[in-house]
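All residue numbers for the sequence shown refer to this note's numbering, where the first residue is 229 and numbers rise by one. Glycine residues also receive a C-beta, built at the ideal position from the N, C-alpha and C atoms. Accompanying notes for the structure given below.
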Amino acid sequence: MRHPRLRFSERAAWALCSLLCAAVITNRIVGQSSPNESRTDDMDHKKLSLKVSLDTDKARYGIRDEINIRVLLTNTSASPLYIYAPIEWGESASLSLWMKDMLSGRDLQQTIIADSLPPPPVSKDEFIELLPNHIYGVVLMSKLSQLNIEKKGTYELTIEYHSPIPASMSFHLPAWTREDGTVSSNRVTIKVEADPK
229 MRHPRLRFSE RAAWALCSLL CAAVITNRIV GQSSPNESRT DDMDHKKLSL
279 KVSLDTDKAR YGIRDEINIR VLLTNTSASP LYIYAPIEWG ESASLSLWMK
329 DMLSGRDLQQ TIIADSLPPP PVSKDEFIEL LPNHIYGVVL MSKLSQLNIE
379 KKGTYELTIE YHSPIPASMS FHLPAWTRED GTVSSNRVTI KVEADPK
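In structure tokens form, the structure reads like this:
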């Protein structure tokens, strides 16, 4: 037969164990989580994904032609994504255009495309909402000479999207910000021929 004190200790141990189990279950039911789980939720929230697509109106141009460069931003994540508008061209803005002379392998220096620094946002209304798989597009129309293409040849074009605003200015929206980095587009090759005489 067990000693009365031993039976009392066993009861106390069972009571303590029951209380601990109830606390764990209650903690799970009301949605509390450990710091590690909170960090995971934050990471899931920032699993934003953006695709940048580049296209031109033609594959062949005369040296004096105008080119239409179309850029499409697609939200490829499962949640809404916000893009700061307006979308301007330049390293300080949202879009950068890179061009390479395929014969020499050298990048073309661009001196005419404006590099505008957009004003900081003052409200949530200055963001464009992209639902999952939704697309927003912009077009750059320019003479080839303004892009420093002044001779016939084959040229490769690439676009980069980079948000001009930091996360601190996103108004707590799930927005693509400066901290999310740069997204590069596909590469498009165009041929430039001498204009007919």
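Exercise. Between serine 370 and leucine 282, is the Cβ-Cβ spacing less than 8 Å?
Worked result: no
For this session: State the Cα-Cα distance for the pair serine 391 and valine 366, rounded to the nearest angstrom.
Result: 15 Å
Exercise. Can you name the start and end residues of the beta strand (DSSP E) that glutamate 388 belongs to?
Worked result: DSSP places glutamate 388 in the uninterrupted beta strand (DSSP E) bounded by 381 to 390.
Exercise. So isoleucine 363 packs on leucine 300, CB below 8 Å; how close in whole Å?
Worked result: With 8 Å as the limit, isoleucine 363 and leucine 300 qualify as a contact, their Cβ atoms being about 5 Å apart.
Problem set entry | glutamate 407 versus alanine 395: straight-line alpha-carbon distance, rounded | Cα to Cα, the separation comes out at about 7 Å.
Exercise. CA-CA distance, histidine 400 and threonine 382?
Worked result: 44 Å
For this session: Just tell me which of Asp353, Val350, Gly333 has its CA closest to the CA of leucine 385.
Result: Gly333
Problem set entry | DSSP three-state assignment for methionine 330, whether helix, strand or coil | Looking at methionine 330 - three-state DSSP - the assignment turns out to be coil, as it is neither helix nor strand.
For this session: Compute the beta-carbon to beta-carbon distance between leucine 323 and threonine 304, rounded to the nearest angstrom, for a pair I have assumed lies under 8 Å.
Result: At roughly 18 Å, the Cβ-Cβ gap does not stay under 8 Å, so leucine 323 and threonine 304 are not in contact.
Exercise. So what does phenylalanine 355 bridge to, in DSSP terms?
Worked result: According to DSSP, phenylalanine 355 bridges with Tyr312.
Problem set entry | valine 406 - DSSP class collapsed to helix/strand/coil | The sequence given here places arginine at residue 406; valine does not occur at that position. Three-state DSSP puts arginine 406 in a helix.
Exercise. Hey, would you say proline 402 sits closer than 8 Å to leucine 309, going by beta carbons?
Worked result: yes
For this session: Along the beta strand (DSSP E) that carries serine 281, what are the first and last residues, could you check?
Result: Residues 278 to 284.
Problem set entry | Nearest-angstrom Cβ-Cβ length linking leucine 372 and isoleucine 295, presumed shorter than 8 Å | 6 Å
Exercise. To the nearest whole angstrom, what separates the beta carbons of leucine 345 and serine 320, a pair I think is in contact under 8 Å?
Worked result: Rounded to the nearest angstrom, the Cβ distance from leucine 345 to serine 320 is 4 Å, consistent with a contact under 8 Å.
Problem set entry | Short Cβ contact (8 Å threshold) for glycine 290 with glutamate 421 | yes
Exercise. Can you tell which of Thr284, Ala313, Leu368 has its C-alpha closest to the C-alpha of proline 349?
Worked result: Ala313
For this session: With DSSP collapsed to three states, give me the class of arginine 345.
Result: First, the residue type needs correcting, since residue 345 is leucine and not arginine in the sequence shown. Residue state, collapsed to three classes: coil.
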